[in-house]
Amino acid sequence: GVLILGGLAGAVNLAARRRYKRRLALLEMRHAIERERLRISQDMHDDIGSILTRVSILSDVGQSEAKAENTAQQFERIGSQVRTAVVALDEIVWATNPGDDNLPRFAEYVGRFADECFENTTVRCWQEIPTDLPKLPLRADVRHNVFLAVKEALNNVLKHSRATEVWLRLRLANSEVCLEVEDNGRGFKPEATAPGGNGLGNMKSRLAECGGDLQLASAPGQGTRIRFVFPLPKSV
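Mapping the sequence shown onto my numbering, position 211 (from 1) lands on 307, and the numbers just tick up by one.
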C-alpha cells in the first residue's frame, strides 16, 4: 500500500511539474510575442514615421516655393498622400503596440480619432467617455476590429449624413462595452440600403469577429444611431 501510494504521489507530482513547465513555456512565448510586437511598433514609428514626416515637410516647402501651377499641384498631391500614410502608420503602430491592449487606451485612441476626424469641419463632435475606466485587457484583434468599425461610422457621418452634430458615447454594462455613434443628420431607411452600403456589412462582420453585435436605428429626417456592443474578458 505504501508503495502504491508513493507511486501515485510521484505520478501526480510529475504531472503537476509537466503542467507547470507547459504554462511557463506558454507565458514565455506570449512575452516573446509581445516584445516582438513592441519592437515592430517602435521601429515603424521611429524609422518610417520620421521619414514620412520629413517628406511631408519638404513637400510643403517645395509647394510654397514652386512657381509653376502644375508643380504646386503635384507637391500638394504628394503632401496629401504622405499625410494619409502618416495617419495609416499611426493606426498600425497603435494596433501592434502591446501597451495599448487595454480598455482605457482604446477609449483614449477612439476619442482622439473622433476629434481629429471632425476638426476643421462644420460638424461638432460631443464625447461622453468615462475617465475612470477599469484597466481591463483587450486583445489587439478585438480593439483593432472595433476601432475600424467605429472609424467607418464616423467617416459615414462626415461624408453622407449632412449632420451638424455627432455624439460618441462609451459605457460599460453587464460585462460588455457599448460604443455609440449618433448624429442629427438626414438619416435613411435601413431596409432600403443596398447590401454593404456605407460599409454596414463590413462593420457587422468586424463586430461578429469580436463576438459582438451592431445595432442600427435610423429614419429619414431623424438622424442615425449605430451601437457597437462587444464582450469584456471575464477576468483581468
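Glycine residues also receive a C-beta, built at the ideal position from the N, C-alpha and C atoms.
Bear in mind that the values here come from a model prediction, so they are computed numbers and not experimental data.
Anticipated Cβ contact below 8 Å, residue i with residue j, distance rounded
{"i": "Glu261", "j": "Val219", "result": "7 Å"}
{"i": "Ser155", "j": "Val182", "result": "Not confirmed; about 12 Å, so no contact."}
{"i": "Thr192", "j": "Arg133", "result": "5 Å"}
{"i": "Thr320", "j": "Ser257", "result": "6 Å"}
{"i": "Val253", "j": "Val206", "result": "About 14 Å separates the two Cβ atoms, so there is no contact after all."}
Burial state of residue i (16 or more Cβ within 10 Å)
{"i": "Asp196", "result": "buried"}
{"i": "Glu278", "result": "buried"}
{"i": "Gly175", "result": "buried"}
{"i": "Arg115", "result": "exposed"}
{"i": "Met125", "result": "exposed"}
{"i": "Leu101", "result": "exposed"}
{"i": "Ala184", "result": "exposed"}
{"i": "Val178", "result": "buried"}
{"i": "Val189", "result": "buried"}
{"i": "Leu148", "result": "buried"}
{"i": "Gly283", "result": "buried"}
Helix, strand or coil at residue i according to DSSP, with G and I counted as helix
{"i": "Leu275", "result": "strand"}
{"i": "Ala313", "result": "strand"}
{"i": "Val332", "result": "Summary for Val332: the model assigns pLDDT 40, below 50, so the residue's position carries little reliability; its value from the coordinates is reported in the next sentence. Of the three classes helix, strand and coil, the one that applies to Val332 here is coil, per DSSP."}
{"i": "Asn198", "result": "strand"}
{"i": "Arg133", "result": "helix"}
{"i": "Thr167", "result": "helix"}
{"i": "Arg150", "result": "helix"}
{"i": "Phe284", "result": "coil"}
{"i": "Arg323", "result": "strand"}
{"i": "Ala269", "result": "strand"}
{"i": "Leu101", "result": "helix"}
{"i": "Gly106", "result": "helix"}
Among the options, nearest to residue i - alpha-carbon criterion
{"i": "Val273", "options": "Val178, His256, Leu229, Lys255", "result": "Leu229"}
{"i": "Ser314", "options": "Tyr205, Gly307, Gly281, Phe326", "result": "Gly281"}
{"i": "Glu276", "options": "Gly106, Glu212, Gln223", "result": "Gln223"}
{"i": "Ala259", "options": "Phe243, Phe214, Ala269, Gly297", "result": "Phe214"}
{"i": "Asp211", "options": "Leu122, Leu264, Pro327", "result": "Leu264"}
{"i": "Asp186", "options": "Leu232, Ala105, Ile225, Arg208", "result": "Arg208"}
{"i": "Leu296", "options": "Val242, Ala269, Arg267, Pro316", "result": "Val242"}
{"i": "Ala304", "options": "Leu244, Cys221, Leu123, Leu232", "result": "Leu244"}
{"i": "Arg267", "options": "Asn251, Phe326, Asn298", "result": "Phe326"}
{"i": "Gly308", "options": "Gln318, Leu328, Gly317, Pro316", "result": "Leu328"}
{"i": "Leu250", "options": "Lys285, Pro286, Phe324, Gly317", "result": "Phe324"}
{"i": "Pro226", "options": "Asp237, Gly106, Pro200", "result": "Pro200"}
{"i": "Phe202", "options": "Arg235, Ala121, Arg173", "result": "Arg235"}
{"i": "Lys285", "options": "Glu172, Met299, Gln318", "result": "Gln318"}
Interface flag, residue i vs chain D, CB-CB below 8 Å
{"i": "Leu266", "result": "Among the protein chains of the structure shown there is no chain D, as only one such chain exists."}
Distance cut-off 7 Å: residue i Cβ against heavy atoms of the ligand HEM
{"i": "Ile153", "result": "In the structure on display, the ligand HEM does not appear, and there are no ligands present to speak of."}
Ordered list of beta strand (DSSP E) runs contained in the segment 201-239, each at least 3 residues:
220-224
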